[in-house]
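**Student:**
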Amino acid sequence: MAWLLWLFRGLTLGAAPRRAVRGRAGGGEPCTGPVLGEAGSLATCELPLAKSEWQKKLTPEQFYVTREKGTEPPFSGIYLNNKEAGMYHCVCCDSPLFSSEKKYCSGTGWPSFSEAHGTSGSDESHTGILRRLDTSLGSARTEVVCKQCEAHLGHVFPDGPGPNGQRFCINSMALKFKPRKH
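Numbering (mature numbering (1 follows the signal peptide of the UniProt record, and there is no 0)), first residue to last: -16 to -1, 1 to 166.
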């Protein structure tokens, strides 16, 4: 078998066609086709977009924040002072992330939320976010990314209000606000 692999080592294959589907496989890995969803339903997932595709889809500022893990300047974000009722979605894939009901003024210069949409107590398994260790600035922080497309959203800190004491510090550039319909 090893000699077959050696024989075909230089063989290049064409790119697989992109599927127009949504979701992620259970282990956090991008999936390549249909997967079994909740209650036995058939769920699908989206293959990751290439860098050039993200650059076409997003503004340069959105690309910098969401795909290159950038941070917008404090007090510059469009949603910092937004008090309208509604839902904040991922600017990259439109997944619902944070409700305006959990937004508060932290005074830090970025939109802040006490919990992600779909949180039940301390259970975040039904939210649109994932937490990841971030050591990029020499100290440990917790990065917040979109569960659907892995867009960098911001960070979460243990100095927030309420029973869980969390402050989700999120870049406006990573969000798209949808007002609540009355």
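The C-beta atom is built at its ideal place from N, Cα and C for all residues, glycine as well. A quick note: this is a predicted structure, and the numbers were derived from the prediction, not measured.
Ignore the nearest five residues each way along the sequence and tell me which others in Gly50's own chain have a CB closer than 6 angstroms to its CB.
**Tutor:** In the sequence as presented, Gly is not what sits at residue 50; that position holds Thr. The answer, listed in chain order, is Cys76, Ala135, His136, Ala158.
**Student:** Quick one: what's got a C-beta closer than 6 angstroms to His110's C-beta in the same chain, skipping five residues either side?
**Tutor:** Once the five neighbours on either side are set aside, the close Cβ partners of His110 are Gly102.
**Student:** For Lys67 versus Ser84, is the C-beta distance shorter than 9 angstroms?
**Tutor:** Yes. Within cutoff.
**Student:** Going by DSSP, what residues sit across from Tyr72 in a beta bridge?
**Tutor:** Phe82, Phe161, per the DSSP bridge assignment.
**Student:** In three-state terms, what does DSSP make of Thr126?
**Tutor:** Reduced to three states, the DSSP call for Thr126 is strand.
**Student:** Give the DSSP-derived three-state secondary structure of Lys41 in the structure shown.
**Tutor:** In the structure shown, Lys41 sits in a helix (DSSP, three-state: H, G or I).
**Student:** Cα separation between Ser36 and Gln46?
**Tutor:** If you take the alpha carbons of Ser36 and Gln46, they lie about 14 angstroms apart.
**Student:** From Thr92, Gln39, Glu52, pick the residue whose C-alpha is nearest to that of Phe59; which is it?
**Tutor:** Closest option to Phe59, Cα to Cα, is Thr92.
**Student:** What's the gap between the Cα of Lys165 and the Cα of Gly70?
**Tutor:** Their Cα atoms are separated by approximately 8 angstroms.
**Student:** Where Val128 and Asn148 are concerned, what is the direct C-alpha to C-alpha distance, given to the nearest angstrom?
**Tutor:** Straight-line Cα distance between these residues: approximately 16 angstroms.
**Student:** With DSSP collapsed to three states, give me the class of Lys131.
**Tutor:** Coil, per DSSP.
**Student:** For Pro95, count neighbouring C-beta atoms within 10 Å of its own C-beta (all shown protein chains included) and say buried if the count is 16 or more, exposed if not.
**Tutor:** Flag for Pro95 reads buried.
**Student:** Got a sec, what are the start and stop residues for the beta strand (DSSP E) Gly138 sits in?
**Tutor:** First-last of the beta strand (DSSP E) with Gly138: 136 to 141.
**Student:** Report the option in Asp78, Tyr63, Lys131 whose CA atom is closest to the CA atom of Asn155.
**Tutor:** Closest by alpha carbon: Tyr63.
**Student:** For Ser104, which residues in the same chain have their Cβ closer than 8 angstroms to its Cβ, ignoring the five residues on either side in sequence?
**Tutor:** His110.
**Student:** From Ala34 to Phe152, what does the alpha carbon distance come to, in whole angstroms?
**Tutor:** Each residue's Cα considered, the two are about 28 angstroms apart.
**Student:** With 16 other CB atoms within 10 Å as the buried threshold, where does Lys87 fall?
**Tutor:** Buried, since its Cβ has 16 or more Cβ neighbours within 10 Å.
**Student:** Do Thr126 and Val140 have their C-beta atoms closer together than 9 angstroms?
**Tutor:** The answer is yes: Cβ separation under 9 angstroms.
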